[in-house]
Each structure stands twice: as C-alpha cells, then as structure tokens.
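A short write-up of the structure that comes next.
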Amino acid sequence: MTRKEFTPILRNINGEILFKTKQTITCETIKHIVRDRNFNSKEISISESSIGNDTILAINRGIYQTIFSQDNASKQIIKILNQTVLSAALLSELNSIKKLMPSTYDHILVVAALSIKICLDMNDHSFDPSRIARIGLVHDLGKSRLPVSILEKDSPLSDEEFKVIQEHPMIEYLLISHYLNNPKSFIALAGFSHHERLDGSGYPRGIKQLDNYIQTIIPCDIFDALTSHRPYRNEPFTVRAALDLLLAESRKGRVNKKFVKCLISYVRKDKPHYKQVRISEENRDAPPRINHYGIRKK
Ligand SMILES: [Fe+2]
Ligand SMILES: [Fe+2]
C-alpha cells in the first residue's frame, strides 16, 4: 500500500476495496466487510516486530526522557509490549505507518507507552496493561487513509476538511473489524471511541460512557499531540501549557482528572504519587502564539 491523496474508497492493507467513503455505513454493510472477506486474523507477538526498539527510541527523546527514566519505567513498558499480541494485519498497518508517516508512528508508540505507564501505576489488577497497549497501538491507524493535504495543512481547516479528519475513528473501526472478523472486538470499539469525551462533546458519536481504558488513552493522546510539532502551529505547547489545557478539559468534565494528575506527577521533580498531586487554578504557561487547531476557515 502506498500513501496517496484522498481517494473515495477505503482499502485494506492488501489494497482490496472495503468501502466507499461516501457510502452509508449500516450494520448490514459492516457485517458484509467482516463476513465476506474473512481476513487472516492470526495474532503475532509484538516481540517479533521492531515495535519494542522503536518505542525505546521514541520515549528516549525530549520531554519523555524524564518521564520514562523513573523507576525503570521504560523496561517495564517494553516488557508489557513484548508480552502483547496483535493481528498480523494490524502489525502490517503499523509497519506501513512507520514508513509513510513517521511522526504519526512515534505518536502512536508514545501514547501506547504513556497509557501503559498509567495503567501500571494504577496498581489495579482489573486494569490490564496488555489491553491498553493494544488500544494505544491501533489508535490513529485510520489516519493512514486521510489525505496528506488535510493532515499536513498549516492553515485553518474548512468544515468539509474537518469532517474528513473526523472520519479516522470510523476508518479504524472498519479496518480493525475487518481484520479481526469481529465488529465487537474491544480494540475496534476503542479505536472508534478515542476522540470521545466524558461530557459527550467528542466525536464521532458524542457518547459519554467511556471505559477506563479509553479514559486513560484520551489525556495521553492530547498531551503528546500538544507537545509535538504540528504544521498548524508555530511551535509545540510547553509541558506546562499542555497540562494547563488538560486540567481545563478535566474541569469542564471532558477528561478524567485522575489520569491528568498522573501525567502531572510524571513531570514533577519530586515525582509524587498522583493522589498527592496538588494543583493551582492558575495557568502556568501560555499556549503557542500561532495555533490554527480547532479554528474553522470562514
Ligand atoms: Fe485520533
Ligand atoms: Fe492520537
């Protein structure tokens, strides 16, 4: 598969047509792509891929060096990743993203690593770090099917372009359901929900009921997106400004404050337990001067 400008059809990793983008998506059409294609859903250990080494490289850079240097965090995270399995097709998708969209690939690995760290730090036996690893690794897979011209646009998006960006969770859902021959798998549903918010203000469905795994992925996803270079702003958010924004989101009831506190605890010098994190209401840093994110073209 090569990365191309927008095409009005959705293809799987082998280039087979699954769906026309403008086609109405119904339960019947989803059943059709799941049932009739019967993709090989064989699972492969991540230890057999380059993901472990690539994650070490991704989290040994910039702000993440401090976060993951704590208590052998990176070793524990790589151990969890290497104990995790993913379908062969999903690993091929990740390989393709690595080649064609290296910054999205790094973002995926960092979000997976941060989410695994939070999951481990919760010390809750019902919270499975391998499960969150799988969710982190497939979140944003749908971006590989979006047009480069929209993803890399450095000026405000039109309403139409923003609608295209908002299609990536649905694309993920369709692809994962197809590869796993299962429209109800937790990773397909998680891919579908990673842009939802607790108050229902997210997309694509505007749902409020989000499980612990998705609630963990959300602030990690936002944190890395804000603190990374993006074409639509002049510079990344500082760590402090990114945490200010996440705290504001948690005050509005959109993001779970507990997981934001985990991120705050990771960047504090004394590394307090997240329950001991005290927060002032004041903003500690300003956002970047030029930031077109969320601004619509008139
Ligand atoms: Fe996303
Ligand atoms: Fe993301």
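Every number in the working numbering is 624 more than the matching position in the sequence shown, counting from 1. Note that CB positions come from ideal geometry on N, CA and C, so glycine has one too.
Is the beta carbon of residue i within less than 6 Å of some heavy atom of ligand 2?
i	result
D764	yes
D845	yes
With distances taken from CA atoms, which of the options is nearest residue i?
i	options	result
N638	S716, I756, L681, C886	S716
L869	H897, M794, P912, S739	P912
N858	Y797, E820, H916	H916
I759	C844, L871, R829	C844
R821	A812, A814, G815, I831	I831
V709	T690, L867, G676	G676
P771	A757, V762, K787	K787
E672	N719, N706, R635	N706
Q833	I687, N880, S904, K921	N880
S693	V891, I914, E791	V891
H763	K893, F847, A910, I838	I838
R829	I841, G815, T840	G815
S739	K921, E906, D848	D848
L765	D783, K741, P726	P726
Y797	A812, D835, D745	A812
E905	R878, L867, K893	L867
K703	D778, C651, S754	S754
For a test of the three-state rule: what should DSSP assign to residue i, helix, strand or coil?
i	result
V901	coil
S720	helix
L715	helix
L681	helix
S768	helix
L822	coil
V788	helix
K666	coil
F630	Unreliable placement is indicated for F630, whose pLDDT of 45 sits below 50; the coordinate value is still reported in the next sentence. DSSP places F630 in coil when its eight states are reduced to three.
F810	helix
F847	helix
V709	strand
F816	helix
K655	helix
M625	Note on M625: pLDDT 44, under 50, position unreliable in the model; no value is reported.
I691	helix
F861	coil
L834	coil
K703	helix
P912	coil
I971	As shown, the chain starts at 625 and ends at 922. That puts residue 971 outside it, with no answer to give.
K777	coil
F643	strand
Assuming residue i contacts residue j under a Cβ cut-off of 8 Å, what Cβ separation, rounded to an integer in Å, is found between them?
i	j	result
V901	K885	4 Å
A736	Y803	About 18 Å separates the two Cβ atoms, so there is no contact after all.
Y898	K882	7 Å
I942	I789	The question about residue 942 has no answer, for the chain in this structure spans 625 to 922.
C743	I756	5 Å
I657	L642	5 Å
D909	A872	Not confirmed; about 13 Å, so no contact.
I654	P807	5 Å
I800	V734	With 8 Å as the limit, I800 and V734 do not qualify as a contact, their Cβ atoms being about 20 Å apart.
R878	S825	6 Å
S711	K767	At roughly 19 Å, the Cβ-Cβ gap does not stay under 8 Å, so S711 and K767 are not in contact.
H818	I846	Not really, about 10 Å apart at Cβ, beyond 8 Å.
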